[in-house]
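Participant: In the UniProt record's numbering, the protein residues as written are 1 to 119.
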């Protein structure tokens, strides 16, 4: 598997597709650039999802998140983009993505985006 940033998330078979269970993944080293200043933004991205037929392969998730480090994104945009890409590639039953961005200009930003299959 590559060690370069990638926009692809790899789905692997869910070992328990017959039951609902929640997976929580914390990524405390997310970085992207402010689209206005070009300065780095740091965040913890948390995923809480109920898998469907697939689960996410963790190294692909790491490389996917790494792919944002040199791109300019508003906090709201990048959190919703991550949710959309995860849903498109992994097809979970439910997903919540929380972006908890570090302080900048005296302000903290937390963005929550949610998806539920069939809604």
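All C-beta atoms, glycine included, are put in the ideal place defined by N, C-alpha and C.
Please name the residue, chosen from 82, 74, 114, 92, that lies closest to residue 67 on a Cα-to-Cα basis.
Facilitator: Working through the chain shown from its first residue, we reach residue 67 at position 67. Comparing Cα positions, the closest option is 82.
Participant: Report yes if the CB atom of residue 95 is closer than 8 angstroms to the CB atom of residue 64, and no otherwise.
Facilitator: Here residue 95 corresponds to residue number 95 of the chain shown, with the count starting at 1. Here residue 64 corresponds to residue number 64 of the chain shown, with the count starting at 1. No.
Participant: Quick check on DSSP: helix, strand or coil for residue 104?
Facilitator: Position 104 of the chain shown, counting from 1, holds the residue named residue 104. The answer is strand: DSSP assigns residue 104 an E or B state.
Participant: Between residue 80 and residue 52, is the Cβ-Cβ spacing less than 8 angstroms?
Facilitator: Here residue 80 is taken as the residue at index 80 of the chain shown, counted from 1. Here residue 52 is taken as the residue at index 52 of the chain shown, counted from 1. Their beta carbons are not under 8 angstroms apart, which means residue 80 does not touch residue 52 by this criterion.
Participant: If distances are taken between C-alpha atoms only, which option among 98, 106, 9 comes closest to residue 112?
Facilitator: As a working mapping, residue 112 is identified with position 112 in the chain shown. Measuring from the Cα of residue 112, the nearest candidate turns out to be 98.
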